[in-house]
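Comments concern the structure below.
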Amino acid sequence: MTYETILVEQRGAVTLITLNRPKSLNALNSQVLEELIVAFGAYEADASQRCAVLTGSGEKAFAAGADIKEMADKAATEFYTGDFFSRWTSHLVKTTRKPWIAAVNGFALGGGCELAMMADFIIASENAKFGQPEIKLGVAPGMGGSQRLTRAVGKAKAMDMCLTSRMMDAVEAERSGLVTRVVPLADLLDEALKTAEVIAGMPPVAAIANKEMVNAAFEMTLDQGILFERRVFQILTATEDKAEGMAAFIEKRPGVWKGK
Ligand code: CAA
Numbered sequence: 426m427t428y429e430t431i432l433v434e435q436r437g438a439v440t441l442i443t444l445n446r447p448k449s450l451n452a453l454n455s456q457v458l459e460e461l462i463v464a465f466g467a468y469e470a471d472a473s474q475r476c477a478v479l480t481g482s483g484e485k486a487f488a489a490g491a492d493i494k495e496m497a498d499k500a501a502t503e504f505y506t507g508d509f510f511s512r513w514t515s516h517l518v519k520t521t522r523k524p525w526i527a528a529v530n531g532f533a534l535g536g537g538c539e540l541a542m543m544a545d546f547i548i549a550s551e552n553a554k555f556g557q558p559e560i561k562l563g564v565a566p567g568m569g570g571s572q573r574l575t576r577a578v579g580k581a582k583a584m585d586m587c588l589t590s591r592m593m594d595a596v597e598a599e600r601s602g603l604v605t606r607v608v609p610l611a612d613l614l615d616e617a618l619k620t621a622e623v624i625a626g627m628p629p630v631a632a633i634a635n636k637e638m639v640n641a642a643f644e645m646t647l648d649q650g651i652l653f654e655r656r657v658f659q660i661l662t663a664t665e666d667k668a669e670g671m672a673a674f675i676e677k678r679p680g681v682w683k684g685k
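The letter at position 193 of the sequence shown is residue 618 when you use our numbering, and the numbering goes up by one with no holes.
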């Protein structure tokens, strides 16, 4: 497929996907979101690709939200019958079982913040700004913001951001647990790609399992989650990569993974 609103490239075992509508601050229109579904589907299906990084082009924005100009004239019935936003969320979060990182360079607002929060984790540049300003448009988050932001930063900050539209800067975002680390803008892509390479170098079945376990913490009770973790751990002991990983440790050499 030829992409028009995103750029996709493979760097070794890492797929780099760049939102590429810098004049609109990478606003997420339907085309971007459809192209993302295809790009993430291709990443998921390609066994040579072990981690992905999603970032925004330009220095100003990761994504300034769903495309307001596209939504302005859309009828409520279209939003409702088309179940607007549901496909993207399910593809990027549920169908994409392999790991991916959001490298947030600048504004991540509304759907942009929600898209970043769909990633397994966020690395932010020093100029990053996160927000759910939908209230100013007479609406509210629609791609998971009220739920994922609240789980990430807690009720007080999520309420503050949703009700006042206040943006959170990178320092506060790291302090609040929304992002894992903050780096200078010039280093952001390198840092995200290097981190993705580390993940890409891990046993791939175990990578999917680790991701699935952490995500289960948001869906299950503690007892259920711990049982799920133990069962998945036990299943992993049947993999060839487990035998290799433990042999490699004992023999003091790097492991060579088969993904089996
Ligand atoms: N949709 C469409 N276009 C957008 C956009 C968006 N979300 N955000 C920015 N743009 C466009 C602007 O219209 C402008 O285009 P023109 O040059 O053609 O006028 C261009 O990007 C540059 O933006 P600004 O001139 O506004 O840049 P700024 O530096 O003055 O301000 C900003 C930057 C604070 C991010 C401001 O653009 C802004 O507030 N954007 C909207 C943020 C927002 O409300 N996001 C939530 C959208 S709704 C949503 O996402 C729903 C959901 O939950 C899924």
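Cβ coordinates follow ideal geometry from the N, Cα and C atoms, glycine included.
Given this structure, state the Cα-to-Cα distance separating residue i from residue j, to the nearest angstrom.
i, j, result
"GLY437", "GLY490", "30 Å"
"SER511", "ALA477", "21 Å"
"SER455", "GLU559", "18 Å"
"GLY567", "GLY536", "7 Å"
"VAL681", "LEU661", "16 Å"
"GLU676", "LYS667", "14 Å"
"ALA631", "GLN572", "27 Å"
"ASP594", "SER550", "10 Å"
"ALA452", "ALA641", "30 Å"
"GLY650", "GLU644", "8 Å"
"LYS582", "THR521", "29 Å"
"GLY556", "VAL529", "12 Å"
"THR575", "GLY483", "29 Å"
"MET542", "ALA663", "32 Å"
"PHE546", "ALA577", "11 Å"
"LYS485", "PRO679", "40 Å"
"THR589", "LEU534", "13 Å"
"VAL608", "ALA634", "28 Å"
"ALA584", "PHE465", "It should be noted that the sequence gives Met, not Ala, for residue 584. Their backbone Cα atoms lie some 31 Å apart in a straight line."
"ILE442", "GLU495", "23 Å"
"LEU647", "ALA501", "39 Å"
"LYS523", "LYS683", "16 Å"
Between the Cα of residue i and the Cα atoms of the options, which residue gives the shortest distance?
i, options, result
"GLU469", "ILE651, VAL439, MET496", "VAL439"
"ASN445", "ILE431, LEU647, ALA452", "ILE431"
"VAL433", "ALA500, THR480, HIS516, ALA472", "THR480"
"GLU459", "ALA673, TYR428, LYS554, THR662", "TYR428"
"ASP689", "ALA672, LEU562, ALA617", "With the chain running from 426 to 685 in the structure shown, residue 689 is simply not present."
"PHE658", "ASP615, PHE504, LYS636", "LYS636"
"VAL623", "ALA497, LYS485, TRP525, THR520", "TRP525"
"SER515", "GLU503, ALA544, GLU665, PRO628", "ALA544"
"GLY626", "PHE653, GLU495, GLY531, ALA472", "ALA472"
"SER601", "GLU654, LYS580, GLU616", "LYS580"
"MET586", "VAL608, VAL607, LYS554, LEU610", "LYS554"
"GLU597", "PRO629, ILE633, ASN552", "ASN552"
"LYS685", "ALA673, GLU665, GLU669", "GLU665"
"VAL604", "ARG591, MET638, GLU539", "GLU539"
"PRO447", "ILE462, PHE653, ARG606, ALA488", "ALA488"
Which residues does DSSP pair with residue i in a beta bridge?
i, result
"LYS685", "Answer is none; LYS685 lacks a bridge partner."
"MET593", "PHE555"
"PHE465", "None; PHE465 has no bridge partner."
"LEU540", "Paired residues: none, contrary to the question."
"PHE546", "ILE526"
"LEU453", "ALA491"
Can you give me the start and stop residues for the beta strand (DSSP E) that residue i sits inside?
i, result
"GLN435", "431-436"
"LEU444", "439-444"
"PHE532", "532-534"
"ILE526", "525-529"
"VAL478", "476-481"
"ALA489", "Looking at the DSSP string, ALA489 is not in any beta strand (DSSP E), and its letter there is neither H nor E."
For residue i, report the span of its alpha helix (DSSP H) as first-last.
i, result
"ARG606", "Counting along the chain, ARG606 falls outside any alpha helix (DSSP H), though it belongs to the beta strand (DSSP E) covering 606-608."
"GLY556", "Where GLY556 is concerned, there is no enclosing alpha helix (DSSP H), although the beta strand (DSSP E) it sits in stretches over 554-556."
"LEU647", "647-661"
"ALA642", "Per DSSP, ALA642 belongs to no alpha helix (DSSP H) and is neither H nor E."
"PHE674", "665-675"
"ALA501", "501-506"
"ILE493", "493-496"
"LEU517", "Where LEU517 is concerned, there is no enclosing alpha helix (DSSP H), given that its DSSP letter is neither H nor E."
Compare the C-beta of residue i against all C-beta atoms of chain B and say whether one is closer than 8 Å.
i, result
"LYS667", "Protein chain content of the structure displayed is limited to a single chain, and chain B is not contained in it."
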